[in-house]
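The structure under discussion appears below in the form of structure tokens.
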Ligand SMILES: Cc1cc2nc3c(=O)[nH]c(=O)nc-3n(C[C@H](O)[C@H](O)[C@H](O)COP(=O)(O)OP(=O)(O)OC[C@H]3O[C@@H](n4cnc5c(N)ncnc54)[C@H](O)[C@@H]3O)c2cc1C
Ligand SMILES: Cc1cc2nc3c(=O)[nH]c(=O)nc-3n(C[C@H](O)[C@H](O)[C@H](O)COP(=O)(O)OP(=O)(O)OC[C@H]3O[C@@H](n4cnc5c(N)ncnc54)[C@H](O)[C@@H]3O)c2cc1C
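Chains as they are written, first to last, in this note's numbering: chain L, 10 to 269; chain A, -1 to 338.
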């Protein structure tokens, strides 16, 4: 039995390139280049390692605007087999409830045995999408996974989960949704030929909300949460004083009543 | 979609997370939730799930819960997402709470979705400030974009209004709250609706040591990847300063320091009088967890490291020279006791 492994990847603004809008003095996220959410690279690597062990295929999905195709191409360059862009105006305003519903339906349609996701994103970082996918489908879940051991004969996947103060080994029945702990599973570099293929010849499949039969279950209307206001957090005022000798550090230690 | 009658929903629930001991965040939520029920007039209800948890239910009353709901069964020990989610969901559907607060630990963030998705509740992640408006709508504030933004998330038309709350942000509830105010609450055992035969996961092994709590520390020496696996200089400095050791995620991921000591967006929020950052670059996800510190000192050999912008005092130098020198100076001077 080989496995169908589905990976969810999301496009996010490049955290290193978010500039300040000169007119408003606010962070200008709209003009930051979009990149693949860094933790999703760990999920892709975990998927490819599972495929190496069990056999099968790795299919990548993203729910996002048409230009999110770029992150799918990156995943194909890393060695994934195929990719689906799930894109529709109807998705606008979706919180994690319809987002995870959409991905859950896509995973079901692809007949996934395992769905791999990143731990959380660098933009809204809820970490709620992977458990949400599992909950919508009634599937098992393994979050904060640091290591994976497939047991295809038993139809199970065992994960080492990072928990407060230690770890646990949890076995889950397939189908299962995994959120890979950020920083685990070092992503492999893209091969040159694969990269050329991904950039020049590859076209992802494209699905709309109607293709997944969820037109009335997505978007702003079904999203329980809404972002009310967004305030820019002013950085905490610090003295930022550079001292030129270790001795000089005693003064602040006196001030804070650490040394006498 | 059919409109939901939100007036049918009442009370503020706080989830008490138990793995042998109660996770500290649970008592933090209980105290903070009191500020909500003081405004809305709702009952504050603690929810305890586990095996043999009567003592913990009593403690929740002592710490100020008006009522406690207990789901006690071997199926809940050790924790697994599917039985917890199923039990919690059944209780929410039967009793209709207006607000549900869950600690934003790995456990809380693991199962919260298994309650929110089937009940179509609003779930706000990783919240650091809570309040209610005049209509009883929860105003849940949370950092986003690595902490550059504080977003207020609301859930107007769906119930319950659920949120996971970041550990270490609020003060813990007083263990003798009820004695001092002579409150008397009730404990109710609820029906357990999950059956082992229906579970789709199994815990094969669980290895957990007593976890350190750095959130209450008055002095912290925090290490970053610059230590390159050698904790010695930082540990000695920490000892000299009577400080707790903390770390960046990079250090925790390397396995050099236990995850309970991680500071930042996916770790703890700390607010010590003194925070010494040793070999830490100052990534936004780290700074978010330490910028409530009173005084920050940074030691880094790169004069352009962002941490210097987030420090009151900085010294550009090799930590392997600076730490031992500072340790010696502090030992010579003698430290003052931490005011606890
Ligand atoms: C400031 C702000 C705050 C928000 N707060 C909340 C909130 O508290 N609650 C809420 O319900 N919604 C919230 N939202 C809406 C939420 O950001 C969106 O639903 C978002 O599309 C998914 O959430 P996430 O980025 O947090 O994903 P996460 O759950 O952090 O993502 C984890 C993993 O799931 C996979 N994944 C996530 N999104 C996709 C995708 N589109 N395509 C493929 N794979 C994906 C990836 O593998 C990713 O690494 C907020 C939005 C903003 C702008
Ligand atoms: C979703 C997400 C969540 C995250 N959550 C967290 C979090 O909760 N907490 C967290 O900390 N990070 C978090 N991170 C990671 C964060 O982005 C940074 O990668 C991390 O904080 C860097 O750790 P560091 O400063 O130890 O390492 P580095 O960035 O590698 O910095 C090491 C520093 O040490 C200095 N140095 C090296 N050698 C010496 C020497 N001999 N003497 C003096 N200085 C020296 C270097 O100049 C450098 O500045 C998260 C990232 C993501 C994407």
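Ideal Cβ positions, reconstructed from N, Cα and C, are used throughout, including at glycine. Note that the coordinates shown come from a computational prediction; the quantities given were computed from them, not determined experimentally.
| task | Flag residue 185(A) as yes when its Cβ comes closer than 7 Å to any non-hydrogen atom of ligand 2, and as no otherwise. | result | Locating residue 185(A) in the second chain gives position 187, where the first residue counts as 1. It does not: the Cβ of residue 185(A) is nowhere closer than 7 Å to a heavy atom of ligand 2.
| field | DSSP-derived helix/strand/coil call for residue 117(L) | value | As a first step, residue 117(L) must be located in the first chain, where it is residue number 108. Residue 117(L): helix per DSSP, three-state reduction.
| task | Report the neighbours of residue 203(A) on chain L: residues whose CB is nearer than 8 Å to its CB, in chain order. | result | Counted from its first residue, the second chain places residue 203(A) at position 205. Correct list: 177 and 178.
| Name the residues in the region 122 to 144 of chain A whose C-beta lies less than 9 Å from a C-beta of chain L; which are they? | 122, 123, 124, 137, 138, 139, 140, 141, 142, 143 and 144
| Burial state of residue 256(L) (16 or more Cβ within 10 Å) | Counting from one through the first chain, the residue named residue 256(L) turns up at place 247. Classification for residue 256(L): exposed.
| message | 8 Å is my cut-off, CB to CB: does residue 133(L) come that close to chain A? | response | What you label residue 133(L) is simply residue 124 of the first chain in a count that begins at 1. Closer than 8 Å to some Cβ of chain A, the Cβ of residue 133(L) qualifies, so yes.
| Helix, strand or coil for residue 275(A) per DSSP? | What you label residue 275(A) is simply residue 277 of the second chain in a count that begins at 1. Three-state result, residue 275(A): strand.
| residue 151(A) Cβ short of 7 Å to ligand 1 heavy atom set | Position 153 of the second chain, counted from the start, is the residue given in the question as residue 151(A). Yes, the Cβ of residue 151(A) comes within 7 Å of a heavy atom of ligand 1.
| request: Specify the secondary structure class of residue 91(A) as computed by DSSP and reduced to three states. | output: The residue given as residue 91(A) occupies position 93 in the second chain. Here residue 91(A) sits in helix by DSSP.
| How about residue 20(L): is its C-beta nearer than 8 Å to some C-beta of chain A? | Taking the first residue of the first chain as 1, we reach residue 20(L) at position 11. With 8 Å as the cut-off, residue 20(L) does not count as an interface residue toward chain A.
| message | Under DSSP, the beta strand (DSSP E) around residue 331(A) begins and ends at which residues? | response | Position 333 of the second chain holds residue 331(A). Note, residue 331(A): premise wrong, no beta strand (DSSP E); alpha helix (DSSP H) at 317 to 331.
| Contact the region 96 to 103 of chain A vs the region 11 to 26 of chain A: 3+ CB pairs below 8 Å | yes
| Neighbourhood of residue 242(A) by C-beta, 6 Å cutoff - its chain only, sequence neighbours within 5 removed | The residue you call residue 242(A) lines up with position 244 of the second chain. The residues are 212, 215 and 218.
| message | Using a Cβ-Cβ distance cut-off of 8 Å, determine whether residue 308(A) contacts chain L. | response | For the purposes of this step, residue 308(A) is taken as the residue at position 310 of the second chain. With 8 Å as the cut-off, residue 308(A) counts as an interface residue toward chain L.
| said: Excluding the 5 residues flanking residue 233(L) on each side, which residues of the same chain have their C-beta closer than 7 Å to its C-beta? | reply: Along the first chain, read from residue 1 onward, the residue named residue 233(L) stands at position 224. The answer, listed in chain order, is 104 and 106.
| query | Considering only residues of the same chain and omitting the five flanking positions on each side of residue 238(A), which have a CB-CB separation below 6 Å? | reply | For this step, residue 238(A) is matched to residue 240 along the second chain. Here the set comprises 325, 328 and 329.
| How many whole angstroms separate the CB atoms of residue 47(A) and residue 74(A), which I take to be in contact at a CB cut-off of 8 Å? | For the purposes of this step, residue 47(A) is taken as residue 49 along the second chain, with counting starting at 1. For the purposes of this step, residue 74(A) is taken as residue 76 along the second chain, with counting starting at 1. The Cβ separation is near 5 Å, so the contact holds.
| Extent of the continuous alpha helix (DSSP H) to which residue 141(A) belongs | Indexing the second chain from 1 puts residue 141(A) at position 143. Not the alpha helix (DSSP H): residue 141(A) falls in the beta strand (DSSP E), residues 136 to 142.
| task | Check distances from the C-beta atoms of the region 95 to 123 of chain A to those of chain L and list, in chain order, the residues that come in under 8 Å. | result | 103, 104, 105, 107, 108, 109, 110, 111, 112, 114, 115, 116, 118, 119, 120, 121, 122 and 123
| task | Please report how far the alpha carbon of residue 207(L) lies from the alpha carbon of residue 93(L), in whole angstroms. | result | By one-based count along the first chain, residue 207(L) stands at place 198. By one-based count along the first chain, residue 93(L) stands at place 84. Those two C-alpha atoms are separated by around 13 Å.
| task | Using 7 Å as the cut-off, classify the Cβ of residue 46(L) as near or not near the heavy atoms of ligand 1, replying yes or no. | result | Residue numbering aside, residue 46(L) sits at position 37 when the first chain is read from its first letter. Correct: residue 46(L) has its Cβ closer than 7 Å to ligand 1.
| Quick one: which chain A residues come within Cβ less than 9 Å of residue 259(L)? | As a working note, residue 259(L) is residue 250 in the first chain. Within chain A, the residues near residue 259(L) are 324, 327, 328 and 331.
| said: Assuming residue 146(L) is part of the alpha helix (DSSP H), what are its boundary residues? | reply: As a position in the first chain, residue 146(L) is number 137, starting the count at 1. Note, residue 146(L): alpha helix (DSSP H), 138 to 146.
| request: Return yes when at least one heavy atom of ligand 2 lies under 7 Å from the C-beta of residue 264(A), else no. | output: The count along the second chain starts at 1 and reaches residue 264(A) at position 266. Yes, the beta carbon of residue 264(A) sits closer than 7 Å to at least one heavy atom of ligand 2.
| message | Just checking residue 59(A) against ligand 2 - is the residue's beta carbon closer than 7 Å to any of the ligand's heavy atoms? | response | Locating residue 59(A) in the second chain gives position 61, counting from the first residue. No, since every heavy atom of ligand 2 falls outside the 7 Å radius drawn around the Cβ of residue 59(A).
| query | Opposite residue 170(L) in the DSSP bridges: which residues? | reply | Locating residue 170(L) in the first chain gives position 161, counting from the first residue. Paired residues: 154(L) and 177(L).
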